[in-house]
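For reference, the structure is listed below as C-alpha cells.
There are 2 protein chains.
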Amino acid sequence: ISNTRQFFSIIVYDEECFQGRHHEFTSECCNVMEFGFESVRSLRVESGAWVGYEHGNYQGHHFVLERGEYPQCDAFGGSNAYHIERMTSFRPISCSNHRECRMTIYERENYLGRKGELSDDYPSLQAMGWCNNEVGSMRVQSGAFVCYQFPGYRGYQYIMECDRHCGEYKYFKEFGSHCQTPQIQSIRRIQQ
Amino acid sequence: ISNTRQFFSIIVYDEECFQGRHHEFTSECCNVMEFGFESVRSLRVESGAWVGYEHGNYQGHHFVLERGEYPQCDAFGGSNAYHIERMTSFRPISCSNHRECRMTIYERENYLGRKGELSDDYPSLQAMGWCNNEVGSMRVQSGAFVCYQFPGYRGYQYIMECDRHCGEYKYFKEFGSHCQTPQIQSIRRIQQ
Chain A
7 ISNTRQFFSI IVYDEECFQG RHHEFTSECC NVMEFGFESV RSLRVESGAW VGYEHGNYQG
67 HHFVLERGEY PQCDAFGGSN AYHIERMTSF RPISCSNHRE CRMTIYEREN YLGRKGELSD
127 DYPSLQAMGW CNNEVGSMRV QSGAFVCYQF PGYRGYQYIM ECDRHCGEYK YFKEFGSHCQ
187 TPQIQSIRRI QQ
Chain B
7 ISNTRQFFSI IVYDEECFQG RHHEFTSECC NVMEFGFESV RSLRVESGAW VGYEHGNYQG
67 HHFVLERGEY PQCDAFGGSN AYHIERMTSF RPISCSNHRE CRMTIYEREN YLGRKGELSD
127 DYPSLQAMGW CNNEVGSMRV QSGAFVCYQF PGYRGYQYIM ECDRHCGEYK YFKEFGSHCQ
187 TPQIQSIRRI QQ
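Here's what the structure looks like:
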C-alpha cells in the first residue's frame, strides 16, 4: 500500500455551494484566472492534500486543503484572524505516510536554543512542554506539517514540507511569504 | 501519573493583548459580567482544557480553549464562518488521557446506518474512509472530542464529552445549542 501512486483531484467552482462554472484539476494551477475564473468561491477536494494561495503564482497567505467539501470562502480561508476572500493558485502537497512525519523545532532562529522533536499532532505546543508561544526555526525531516499561530489549529497557517526548501526553515520570514511573527502555538501533520 | 489531580487555570482580560482588568479562574464561570467584565478580549490558558461560550450560562456557540495565548477574540472565537465577538461563560473540560479517547460516529440519527470507531485525530473524515460530509449521531465512550463543520478543523465546533449527556448525542440538535446541520468533516481529541 505504501508504494501506490498518489492521485490528486480538486474541483473548483466560481460560485458558492458548488454552483456556477467549475473545473477539475489533477495538478498544480498557478493562476485560476487563466481558466476563466474570476474567483474560487467553493471547492471540493476529491483526493490528496493541497495547499491554496491567496494570490497567483503561489504568493500571499496560504492554507491546507484536505479531502472534503468547502462550500464557501470562509470554509477554506486560512484564519479567523484574517479573512481570505479568494484563492488564486493551488498545488498538491506530497506527504509521506503520516506515521513517518518528523520535524524538529528550535527556540531561536538558525537552529539555536532549546529544541523539540515532533512526530504527532499538537493542538497546544505549550501543553506538550514547549516553553513559549514562538518557534524560531524548524527542520522537516519527513512528510509535511501545518503550523498555526494560535492553539487549537487557529490563526495564520504555515505549511512546512520536507520536499520544499530541503525542509529547512532557518528564519521565521521563511515560514511563509506573509509571515510577520514567529508566533506558533499548534502544529499538526498533513495526512494524505 | 494517570492519577495526579488535574489543575485548571485561565486568565481573562477585558482588553486585547492581555491588557486592562484581568481575573484568574480555576473553575467554571457562568457569567463573566458578574466579575465586572463587559467582555473578554484576550485570554491565556495556563492549564487544562476549557470550553468557552458566546453567551452566559453556557449557551450559544462554543469553542475549545487549550493551553496557550489568545491575544484577541479572533484567536479564540470558534470559526472562520462565524465571527464570535465575545466569550461570556466558560468551564473546564475533564478529559481522560488522550490515548484513551474513544467515540463511535453513525451515519444517521438514533445510532443508525454505517458506523465508524474513532480513537485518533481526523483532519478529514472522508480521507479516513467516511462516506459523506455528515454525521447523524455519535457516542463518546471515553474522553472528549471536538467536531468541526469543515475539513482541517475549521468552521463551527461541537464539543462532545463522555462526562456530559452520558456521552450520548442521538440527534444533531444535541451537538450544540446552535447546531443547524449535521455537517461534520473533521474530528479531533481534546488533550489535557
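If you read the sequences in order, they're chains A and B.
Residue 7 is where the first sequence starts when you use the numbering used here, and the numbers rise one by one after that.
Residue 7 is where the second sequence starts when you use the numbering used here, and the numbers rise one by one after that.
We put the CB at the ideal spot given by N, CA and C, even for glycine.
Please read all numbers here as calculations on a predicted model, not as lab measurements.
Query, Result
"Could you check whether the Cβ of F156/A sits closer than 8 Å to any Cβ belonging to chain B?", "yes"
"DSSP puts F151/B in a beta bridge; with which residues?", "M166/B, R195/B"
"Report the CB separation of I193/B from V70/B in whole angstroms; it is logged as a contact under 8 Å.", "With a Cβ gap of about 12 Å, I193/B and V70/B do not count as contacting."
"Taking G161/B as the query, report the chain A residues whose CB atoms sit under 7 Å from its CB, ordered along the chain.", "A81"
"Residues in its own chain within less than 8 Å of R170/A by CB, not counting five upstream and five downstream?", "none"
"Among C168/A, G66/A, G142/A, whose alpha-carbon lies nearest the alpha-carbon of K176/A?", "G142/A"
"For the 8 Å Cβ check, are there 3 or more pairs between the region 152-161 of chain B and the region 114-125 of chain B?", "no"
"At the level of alpha carbons, what is the spacing between Q25/B and T32/A?", "48 Å"
"Count the other C-beta atoms from every protein chain shown that fall within 10 angstroms of the C-beta of E60/B, then say buried if there are 16 or more, exposed otherwise.", "buried"
"Quick check on E91/A - is its C-beta less than 8 Å from some C-beta in chain B?", "no"
"Buried or exposed, going by whether 16 or more other CB atoms sit within 10 Å of the CB of Q186/A?", "exposed"
"For the region 131-143 of chain A, enumerate the residues whose C-beta is nearer than 7 Å to any C-beta of chain B, in chain order.", "Q132, A133, N139"
"Output yes if chain A places a C-beta closer than 8 Å to the C-beta of I193/B; else output no.", "no"
"Kindly indicate if chain A contains any beta-carbon less than 8 Å away from that of P188/B.", "no"
"Cutting at 6 Å between CB atoms, please list the residues of its own chain near F13/A, excluding the five before and the five after it.", "S53"
"Please list the terminal residues of the continuous alpha helix (DSSP H) segment that includes D80/A.", "79-82"
"Got a sec: is the Cβ-Cβ distance from G74/A to anything in chain B below 8 Å?", "yes"
"Please state whether DSSP places Y159/A in a helix, a strand or coil.", "coil"
"Could one say the Cβ of P98/B lies closer than 8 Å to chain A's Cβ atoms, at least one of them?", "no"
"Using a Cβ-Cβ cut-off of less than 7 Å, list which residues of the region 37-52 of chain B approach chain A; keep chain order.", "none"
"When the Cα of Q132/B is compared with those of Q147/B, F151/B, I111/B, which residue comes out closest?", "I111/B"
"Do the CB positions of R92/B and C79/B come within less than 8 Å of each other?", "yes"
"Give me the Cβ distance between G184/A and G66/A, rounded to the nearest whole Å; I'm assuming they're in contact under 8 Å.", "A small fix is needed here, since residue 184/A is His in this sequence, not Gly. So it is a contact: roughly 6 Å between Cβ atoms."
"Just verifying my parser: in three-state terms, what is the DSSP assignment at S8/A?", "Low per-residue confidence applies at S8/A: pLDDT is 42, beneath 50, and the placement is therefore not dependable, though the value from the model is reported in the following sentence. Note: S8/A maps to coil in three-state DSSP."
"In terms of residue numbering, what span does the beta strand (DSSP E) encompassing I99/B cover?", "95-99"
"Along the chain, where does the beta strand (DSSP E) that runs through Q20/A open and close?", "Reading off the sequence shown, one finds Asp at residue 20/A, where the question assumed Gln. Run containing D20/A: 15-21, per the beta strand (DSSP E) assignment."
"For G47/A, collect the residues of the same chain with a Cβ closer than 8 Å to its Cβ; drop the 5 residues on either side in sequence, then sort them by chain order.", "The residue asked about is misnamed: residue 47/A is Arg in this sequence, not Gly. Only Y19, D20, E21, E22, G26, Q78, C79 meet the Cβ criterion."
"Could you check the C-alpha separation between P129/B and Q197/A for me, to the nearest Å?", "8 Å"
"Residues of chain A with CB under 7 Å from V70/B, in chain order?", "G158"
"Within the 8 Å Cβ cut-off, does Q211/B reach chain A?", "Given a span of 7 to 198 for chain B in the structure shown, any question on residue 211/B remains unanswerable."
"Looking at the structure shown, is G62/A part of a helix, part of a strand, or coil, going by DSSP?", "helix"
"Excluding five sequence neighbours on each side, which residues of the same chain lie with their C-beta closer than 7 Å to the C-beta of Y159/B?", "P129, S192, R194"
"Check whether the Cβ atoms of S15/A and N63/A sit closer than 8 Å, and answer yes or no.", "no"
"Could you confirm whether any beta carbon from chain B is found closer than 8 Å to the beta carbon of D127/A?", "yes"
"Given a cut-off of 8 Å, decide if F151/B and M109/B are closer than it, judged by their beta-carbon atoms.", "yes"
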